[in-house]
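Chemist:
Residue numbers (our numbering), protein chains in the order written: chain A, 88 to 579; chain B, 31 to 170; chain C, 905 to 1016.
1. Can you tell me whether residue 106(B) is buried or exposed? The criterion is at least 16 other CB atoms within 10 Å of its CB, across all chains shown.
2. Residue 968(C) touches chain B at which residues, Cβ-Cβ below 8 Å?
3. What is the residue span of the beta strand (DSSP E) that residue 139(B) lies within?
4. Just how far apart, CA to CA, sit residue 1018(C) and residue 936(C)?
5. Which two residues bound the contiguous alpha helix (DSSP H) that contains residue 108(B)?
6. Does residue 1016(C) pass the burial test, meaning 16 or more other C-beta atoms within 10 Å, or should it be called exposed?
7. For residue 131(B), does the three-state DSSP call read helix, strand or coil?
8. List the residues of chain B that residue 989(C) touches, going by C-beta distances under 8 Å, in chain order.
9. Would you list the one or two residues that DSSP bridges to residue 215(A)?
10. Quick check: the Cα distance between residue 269(A) and residue 294(A), rounded to an integer number of angstroms?
11. Let me see if you follow: with CB-CB separation under 8 Å, is residue 121(B) close to chain E or not?
12. Which one or two residues does DSSP pair with residue 160(A) in a beta bridge?
13. Return the chain-ordered list of same chain residues with a C-beta closer than 7 Å to the C-beta of residue 493(A), the five sequence neighbours on each side being excluded.
14. Beta-carbon within less than 7 Å of residue 459(A)'s beta-carbon, same chain only, minus the 5 sequence neighbours each way: which residues are those?
15. Could you give the first and the last residue of the continuous alpha helix (DSSP H) run that contains residue 457(A)?
16. Tell me where the alpha helix (DSSP H) around residue 386(A) begins and ends.
17. Excluding five sequence neighbours on each side, which residues of the same chain lie with their C-beta closer than 6 Å to the C-beta of residue 143(A)?
18. Interface residues of chain B around residue 90(A) at Cβ under 7 Å?
19. Any Cβ of chain C within less than 8 Å of the Cβ of residue 645(A)?
20. Closer than 9 Å by beta-carbon distance: list the chain C residues that pair up with residue 142(B), in chain order.
21. By the DSSP assignment, the alpha helix (DSSP H) with residue 574(A) in it spans what residues?
22. Answer yes or no: does any C-beta atom of chain C fall closer than 8 Å to that of residue 147(B)?
23. I want to know whether the region 343–358 of chain A touches the region 372–380 of chain A - three or more CB-CB distances under 8 Å.
24. Using a Cβ cut-off of 7 Å, pull out every chain A residue sitting near residue 1001(C), in sequence order please.
25. Which value, in whole angstroms, describes the spacing of the CA atoms of residue 285(A) and residue 154(A)?
26. Once you ignore the five residues that flank residue 91(A) on each side, which residues in its own chain have a CB closer than 6 Å to its CB?
27. If you draw a straight line from the alpha carbon of residue 1005(C) to that of residue 302(A), how long is it in whole angstroms?
28. Measuring alpha carbon to alpha carbon, tell me which residue in 1002(C), 946(C), 932(C) is nearest residue 240(A).
29. Using only the alpha-carbon positions, how far apart do residue 455(A) and residue 522(A) sit?
30. Compute the Euclidean distance between the alpha carbons of residue 228(A) and residue 986(C), then round it to the nearest angstrom.
31. Would you mind telling me which residues of chain C sit closer than 9 Å to residue 182(A), beta carbon to beta carbon, in chain order?
32. Should residue 278(A) go down as buried or exposed, given a rule of 16 or more other Cβ atoms within 10 Å for buried?
33. Can you find a C-beta in chain C that's less than 8 Å from the C-beta of residue 166(B)?
34. Three or more C-beta pairs closer than 8 Å, one from the region 537–549 of chain A and one from the region 386–399 of chain A: is that the case here?
35. Excluding sequence positions up to five away, which residues of its chain have a Cβ less than 7 Å from the Cβ of residue 187(A)?
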């Protein structure tokens, strides 16, 4: 029993609810929300340290021993993601203070951001499949509200589609849970893993695992990403950054959990399928990224490419692949949030999202331009920055598992990422300056500070990965050896 | 056209109290029998919805000047706080306990901390339902 | 009995699919609501429809019914209630703002 484990979810949840009572006191709302997220980040760091010392931690809700009760399990993989998510939220909140506008602030945007992060952290931490569904729903409900808040016409249309597709995928999730419960009679993940290992993963269980694959692919945007570009584009910048950084990661995390802990006995079926899907996602995302002239759309398709890339690590299913994926998870949360914030800042400054209508911004806003350049280098994976180590490890894992086609696709897609982002850079920052000095909109320092912080984080992770290494290695080790997770949960 | 709703209003005045009583009964029955916070909350909310239907929003709002969003928030806060409360006694999150005292006349009676949790659920349900009904009906 | 229930769930899914594929906001929403009912039935059947006792009252209880599906269904009902309520409000707002409840007509509305 360790009550600390529940805090990364409970702190945002409780403070989020409390914020409802301070609707008109905006400064207090800001103060409390950022304080709560800082506290959650601090707790996450502490738990991460505890895990290195005492092994995987768990908390049985209400003192009901597993497999009877529901529980939270904190291993290094989950906690790394919780920590990254909480830090990103702090920074996005900071950006929201300066950009989101009084109207939305009064429409309870901060409470819903906190609910969103509570759902995200809960999904990372839970050790029970049904509880995962519940946390997903908390996250999704908050995201529904956040995406439709403000009620512009295009927003309403996209959010209706977003909600409808997510209801459908949640429904499939429940169907899969029902089948799995009917087949093996438990929903505790560790217990499930044990039972599946006992009875063997026959055709029935493999089919169920593919239903889970479809569900999480819908959430993560793996192949089934048709809903993603539209809905991420219409949200306000700070919220789009949160979505782009966190939401698909939760789906991917679920894929990693389910296919390393539960259904790892038939990799020639399930993991091959994941590999194929990752390849298709890489191709589709690359096509999307170079097809559009809209900054937001290009950035959103980059999210999809990442999904394909990280899942190469799962398809390879070696310790090195998991390690690379863990690095890449963290890197990508930082880098995508940075990219979305910069794109949003550009749109806010020029009043347009079309790249052909921007030019020579680097003369008006030099710092913004160079930050964007750092973001490009980091996402493409140029050595001293954070993307490199994850990309290298995933590439090595692909070689190790002889999936050369995926390797080629992965690195080709990096070229497409580079091309699509450089296109923005060349069109918008290079070239003739069309905004004269009198006409240029002032760049508020508050809009730039979050991006600077993220860029520093990205450079920091890149320069000193050994600082993260022990945690990441432990995370990959636990993913590769499910019995450690099982022992931590089922044995006292 | 003005609709004559004398019958509806007269009946509603009586029926609302019956529904409210039923709601409280179902809420309390939930500890051992079918019922509980969610169902009880829905029944309580239906009483209020009946009021809104038979009178108009303004009249009801004069009698019940609450912001139902805040009621929902209060309920949700109670739910989470009931779970967090266990942390202060060094127990697992969401641990429940049963407190009982000996009263004069009625003898030994107790309350379980689950009841606090359920009361929160009921409040949240009432708040959410009414908020939704009002937000749809506001500008018809 | 289980077979009958599964058939019923199948019929519900069928009806819901039909509704989901239509172009009308309200029909889609009703479709999602029916869909969730179907999966609740499925959850119940998967727990087994035994005519057993109340679960775990006392130490030497008679054969009892699995209580877990009930808890799962209740939670799923609450969630689908919240989601349906939200999407109803959303559809209403969209109808007021866009002046139509036909999804087909929403194509290409002022795309920035």
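Backbone N, C-alpha and C fix where the C-beta goes; we use that ideal spot for every residue, glycine too.
Modeler: Reading it off the structure:
1. As a first step, residue 106(B) is located in the second chain; it is residue number 76 there, counting from the start. Buried, by the Cβ-count rule.
2. The residue given as residue 968(C) occupies position 64 in the third chain. Under the 8 Å cutoff, chain B gives no residues; its nearest Cβ is about 15 Å from residue 968(C).
3. Locating residue 139(B) in the second chain gives position 109, counting from the first residue. Unbroken beta strand (DSSP E) run through residue 139(B): 137–142.
4. This structure gives no information on residue 1018(C), because the portion of chain C shown stretches from 905 to 1016.
5. Position 78 of the second chain, counted from the first residue, corresponds to residue 108(B). That run of the alpha helix (DSSP H) goes 98–118.
6. For the purposes of this step, residue 1016(C) is taken as the residue at position 112 of the third chain. Reliability fails at residue 1016(C), whose pLDDT of 46 lies under 50, so the model's placement of it is uncertain and no value is given.
7. Residue 131(B) sits at position 101 when you count from the first residue of the second chain. Strand at residue 131(B).
8. In the third chain, residue 989(C) corresponds to position 85, counting from 1. The answer, in chain order, is 158, 159, 162.
9. As a working mapping, residue 215(A) is identified with position 128 in the first chain. According to DSSP, which records beta bridges pairwise, residue 215(A) is partnered with 275(A).
10. As a working mapping, residue 269(A) is identified with position 182 in the first chain. As a working mapping, residue 294(A) is identified with position 207 in the first chain. Distance between the alpha carbons of residue 269(A) and residue 294(A) is about 13 Å.
11. No chain E is part of this structure, whose protein chains are labelled A, B and C.
12. As a first step, residue 160(A) must be located in the first chain, where it is residue number 73. Bridge partners of residue 160(A): 145(A).
13. Mapped onto the first chain, residue 493(A) falls at position 406. Cβ neighbours of residue 493(A) beyond the five flanking positions: 362, 365, 366, 399, 402, 485.
14. Here residue 459(A) is taken as the residue at index 372 of the first chain, counted from 1. Excluding residues within five positions, the ones whose Cβ falls inside 7 Å are 429, 512, 516.
15. Within the first chain, the letter at position 370 stands for residue 457(A). Where residue 457(A) is concerned, the enclosing alpha helix (DSSP H) stretches over 453–467.
16. Counting from one through the first chain, the residue named residue 386(A) turns up at place 299. Element bounds for residue 386(A): 382–403.
17. Taking the first residue of the first chain as 1, we reach residue 143(A) at position 56. Closer than 6 Å at the Cβ level, and outside the excluded window around residue 143(A), lie 162, 575.
18. As a working mapping, residue 90(A) is identified with position 3 in the first chain. What residue 90(A) touches in chain B: 117, 122, 123.
19. What the structure shows of chain A is the stretch from 88 to 579, and residue 645(A) is not part of that stretch, so it cannot be assessed.
20. Within the second chain, residue 142(B) is the residue found at index 112, counting from 1. Those within 9 Å of residue 142(B) in chain C number zero; the least Cβ separation is about 15 Å.
21. Taking the first residue of the first chain as 1, we reach residue 574(A) at position 487. First-last of the alpha helix (DSSP H) with residue 574(A): 569–577.
22. On the second chain, position 117 is the one that residue 147(B) refers to. Under the Cβ distance rule, residue 147(B) does not count among the residues neighbouring chain C, no pair being separated by less than 8 Å.
23. no
24. On the third chain, position 97 is the one that residue 1001(C) refers to. For a Cβ distance threshold of 7 Å, residue set 238, 240, 243 of chain A lies close to residue 1001(C), ordered along the chain.
25. Numbered from its first residue, the first chain carries residue 285(A) at position 198. Numbered from its first residue, the first chain carries residue 154(A) at position 67. Going by the C-alpha atoms only, they are around 16 Å apart.
26. The residue you call residue 91(A) lines up with position 4 of the first chain. Within the same chain, residue 91(A) has close Cβ partners 134.
27. Here residue 1005(C) corresponds to residue number 101 of the third chain, with the count starting at 1. Here residue 302(A) corresponds to residue number 215 of the first chain, with the count starting at 1. If you take the alpha carbons of residue 1005(C) and residue 302(A), they lie about 28 Å apart.
28. The residue you call residue 240(A) lines up with position 153 of the first chain. Nearest option by C-alpha distance: 1002(C).
29. In the first chain, counting from the first residue as 1, residue 455(A) sits at position 368. In the first chain, counting from the first residue as 1, residue 522(A) sits at position 435. Answer to the nearest angstrom: the Cα atoms are 15 Å apart.
30. On the first chain, position 141 is the one that residue 228(A) refers to. On the third chain, position 82 is the one that residue 986(C) refers to. Using only the alpha carbons, I get a separation of about 8 Å.
31. Along the first chain, read from residue 1 onward, the residue named residue 182(A) stands at position 95. Correct list: empty, because the minimum Cβ distance to chain C is about 21 Å.
32. As a first step, residue 278(A) is located in the first chain; it is residue number 191 there, counting from the start. Residue 278(A) is buried by the Cβ-count criterion.
33. By one-based count along the second chain, residue 166(B) stands at place 136. With 8 Å as the cut-off, residue 166(B) counts as an interface residue toward chain C.
34. no
35. Taking the first residue of the first chain as 1, we reach residue 187(A) at position 100. Only 196, 323, 325 meet the Cβ criterion.
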